[in-house]
Amino acid sequence: MTSSELIQRKINAVKVRLYKMNQCVVAILMILLILDVWLGVLDRYWLKFQLAWVEELARYIMIWAILMAVPCCTANREHMGLAFIADRLPDRIRLGLQLALSTLTVCFFAYISFLGITFVEKGASQLSTVFGLPMAYAYAAIPVAFGLFALQAFLVLLEDIFFVFCGAYETSHLPQQEDI
657 MTSSELIQRK INAVKVRLYK MNQCVVAILM ILLILDVWLG VLDRYWLKFQ LAWVEELARY
717 IMIWAILMAV PCCTANREHM GLAFIADRLP DRIRLGLQLA LSTLTVCFFA YISFLGITFV
777 EKGASQLSTV FGLPMAYAYA AIPVAFGLFA LQAFLVLLED IFFVFCGAYE TSHLPQQEDI
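Okay, so the sequence shown: first residue is 657 according to our numbering, each after it adds one.
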């Protein structure tokens with residue numbers, strides 16, 4: 657096994673571990689969201705406790721679950737893209753274009769994550785309506801999720817770079833959905 661193949665395997669192993677961890681987090685959040693909404697319905701129609709916190713908790717769980725699910729799409733190349741022009745280009749040009757766009761994607765996600773940190777700092781002084789907790793907990797979903805987007809996009813970019821520059825270029829590796 658060459659050092660290039662070893663590095664590619666390590667990149668893929670990190671990507672897969674991160675993907676599976678992220679899936680578990682999203683699954684837990686979705687279970688909590690279902691239980692919370694179910695409790696809200698039970699309370700409204702049968703229990704009559706008038707629990708005010710169930711709606712606010714559902715809102716924050718939903719924000720985190722949605723934002724944490726997107727890095728899974730990034731790892732599998734399932735994110736939205738317009739490929740109707742790129743599909744008509746020769747393979748080498750298409751891959752070069754993909755490398756350039758992937759680099760821009762990593763930079764964009766990292767920048768949004770950086771901006772999200774400032775957003776969290778500003779939210780530390782705001783309190784949630786029902787819980788009275790700093791809004792920084794809800795706002796933290798932005799830098800965390802976009803940081804994961806950037807990391808997954810970077811790992812995908814590294815895979816592409818190794819396929820192009822380490823002699824492992826294959827047209828079958830051109831960006832498509834991968835099964836992790």
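C-beta atoms are modelled at their ideal positions from N, C-alpha and C, and glycine is treated no differently.
This structure is a prediction, so every number in the text was calculated from the model and none was measured.
In or out: M767 buried (at least 16 other Cβ within 10 Å) or exposed?
Walking along the sequence shown from the start, residue 767 turns up at place 111. The residue asked about is misnamed: residue 767 is Tyr in this sequence, not Met. So Y767 counts as exposed.
Excluding the 5 residues flanking L789 on each side, which residues of the same chain have their C-beta closer than 8 angstroms to its C-beta?
Counting from one through the sequence shown, the residue named residue 789 turns up at place 133. Only L783 meet the Cβ criterion.
Can you find a heavy atom of the ligand COA that lies under 7 angstroms from the Cβ of F805?
In terms of ligand content, the structure shown is empty, and the ligand COA therefore cannot be addressed.
From F646 to L760, what does the alpha carbon distance come to, in whole angstroms?
A question about residue 646 goes unanswered here, because the residues of the chain that appear run from 657 up to 836.
Cα-Cα separation between R665 and I690, rounded to whole angstroms
Translated into the one-based positions of the sequence shown, residue 665 becomes position 9. Translated into the one-based positions of the sequence shown, residue 690 becomes position 34. Straight-line Cα distance between these residues: approximately 37 angstroms.
Between L814 and P727, which are expected to be in contact by the criterion C-beta below 8 angstroms, what is the C-beta distance as a whole number of angstroms?
Within the sequence shown, residue 814 is the residue found at index 158, counting from 1. Within the sequence shown, residue 727 is the residue found at index 71, counting from 1. Distance from L814 to P727 at the Cβ level is roughly 15 angstroms; contact not present, criterion being Cβ atoms closer than 8 angstroms.
Put F819 into one of helix, strand or coil per three-state DSSP.
Counted from its first residue, the sequence shown places residue 819 at position 163. F819 falls in the helix class under three-state DSSP.
Would you mind working out which of Y795, I663, V820 sits nearest W720, comparing C-alpha positions?
Residue 720 sits at position 64 when you count from the first residue of the sequence shown. For W720, the nearest C-alpha among the options comes from Y795.
Identity of the residues DSSP links to L783 by a beta bridge
Here residue 783 refers to the residue found at position 127 of the sequence shown. Its beta-bridge partners are P790.
Could you give the distance in angstroms between the alpha-carbon of N668 and the alpha-carbon of V820?
Within the sequence shown, numbered from 1, the residue matching residue 668 stands at position 12. Within the sequence shown, numbered from 1, the residue matching residue 820 stands at position 164. C-alpha separation (whole angstroms): 16 angstroms.
If F802 and F765 are in contact, beta carbons under 8 angstroms, what's the gap, nearest whole angstrom?
For the purposes of this step, residue 802 is taken as the residue at position 146 of the sequence shown. For the purposes of this step, residue 765 is taken as the residue at position 109 of the sequence shown. At roughly 5 angstroms, the Cβ-Cβ gap stays under 8 angstroms, so F802 and F765 are in contact.
Only counting the same chain, and skipping five residues up and downstream in sequence, which positions put a Cβ closer than 8 angstroms to that of A742?
The sequence position of residue 742 within the sequence shown is 86, counting from 1. Hits under 8 angstroms: R750, L753, Q754.
Among L698, L745, M686, which residue has its Cα nearest to the Cα of Y716?
On the sequence shown, position 60 is the one that residue 716 refers to. It is M686 whose Cα lies nearest to the Cα of Y716.
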